[in-house]
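As numbered in the working numbering, residues 16 to 265 make up the sequence shown, in order.
The C-beta atom is built at its ideal place from N, Cα and C for all residues, glycine as well.
Okay, structure first, notes after.
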Amino acid sequence: MKSRFAEIKDTAIHKFLTLVSSNNQAAPVALLDGCTEEVLESTKRGRSLQFAAGRSMLGGGASARLEENYLFDTRRFATGAMTAGDYLFFSNAVGSPASNNGFAAGMTMSEVETNMDVPAQIAQGKDFVLTQVGLSFNSNAAVADIQTLLEAGALRFNKQGGQFSLRHGVARLWPGGVGVANGITNGQADIRAVRRLTVPRILRAKDTFNYSYHVPRSVSNLDGSTALTLTAPTLMTIWLWGAQRDAIPS
């Protein structure tokens with residue numbers, strides 16, 4: 016607990032530096048976020064130094080904005096028998112051919128299907144610290160089809176061209192917490208009912224990554240012979256929630 020004197024001193028120093036900064040635009044003064052050791056380490060490695068006022072010492076003094084947001088991508092699975100294989104997510108961006116994600120020929124990926132700016136890569140000037148992972152389906156999907164997709168495949172996170180990967184296991188372990196109450200839902204129909212990551216997933220600008228929905232076989236593992244089939248086209252969305260930081264050019 017800080018003493019009253021320490022609080023007054025901190026406030027006074029902050030006001031002084033703010034005043035100096037506002038009156039000296041040629042050489043602004045700002046308070047660094049982080050301890051001295053972190054600042055020295057960042058300087059040594061050429062990383063941007065973060066300021067309480069949202070400025071960066073490197074890169075021409077661009078300010079930064081922090082928001083909470085989703086990072087999401089959607090695939091379409093067609094009616095009929097499912098084929099074994101890896102179905103990739105986050106490998107296409109807004110404007111990419113939607114057929115890459117299983118949609119009809121001629122369509123392009125829109126902000127309804129994804130909010131990726133660059134295929135399989137975090138755009139320059141953006142950073143994400145993600146604390147939730149969820150899996151959801153279109154709200155008018157058939158219950159049997161959702162059940163099939165929850166059991167047929169497993170999720171895998173891949174980063175930097177496969178240099179790092181996490182096998183998340185069968186899809187039903189990752190509820191999306193969305194849907195229509197008393198109707199179609201994967202997990203409780205509440206956006207808060209999701210897996211929370213105690214260790215945040217960090218994706219920095221220019222990092223390459225994807226998720227894959229891995230279907231090892233085209234038959235059910237219950238008996239090894241019943242074909243995995245969908246009664247209607249079904250949309251699967253993998254989404255991540257957390258903090259998004261955008262560098263704003265000055």
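Take the alpha-carbon of Ala262 and the one of Gly95: they are about 45 Å apart. Arg182 and Val133 have their C-alpha atoms spaced approximately 24 Å apart. In this structure Thr249 is buried. Its beta-carbon is surrounded by 16 or more other beta-carbon atoms within 10 angstroms. Arg211 counts as exposed, since fewer than 16 other beta carbons sit within 10 angstroms of its beta carbon.
A contact between stretches requires three or more CB pairs, one per stretch, nearer than 8 Å, and the segment 228-235 fails this requirement with the segment 105-122. Membership of Leu170 in the beta strand (DSSP E) is indicated by the continuous run Ala169 to Lys174.
The beta-carbon distance between Ser151 and Thr252, rounded to whole angstroms, is 5 Å. This is short enough to meet the 8 Å contact definition. Taken through DSSP and simplified to helix, strand or coil, Ser180 comes out as strand. Distance between Glu82 and Ala220, taken at the CA atoms: about 16 Å. Between the segment 161-173 and the segment 186-195 there are three or more C-beta pairs closer than 8 Å, enough to call the two in contact. Residue range Ser78 to Phe92 is occupied by the beta strand (DSSP E) that includes Asn84. If you look at Ser240, you'll find it isn't in any beta strand (DSSP E); DSSP assigns it neither H nor E. According to the DSSP secondary-structure assignment, Ala96 is paired through a beta bridge with Thr244. Per DSSP, Leu255 is one residue of the beta strand (DSSP E) stretching across Thr249 to Ile263.
DSSP places Ser151 in the uninterrupted beta strand (DSSP E) bounded by Lys141 to Phe152. With a beta-carbon spacing of about 21 Å, Thr98 and Glu128 fall beyond the 8 Å limit used to define contacts. For Ser227, the enclosing beta strand (DSSP E) stretches over residues Phe224 to Val230.
Looking at the DSSP output, Gly192 shares a beta bridge with no other residue.
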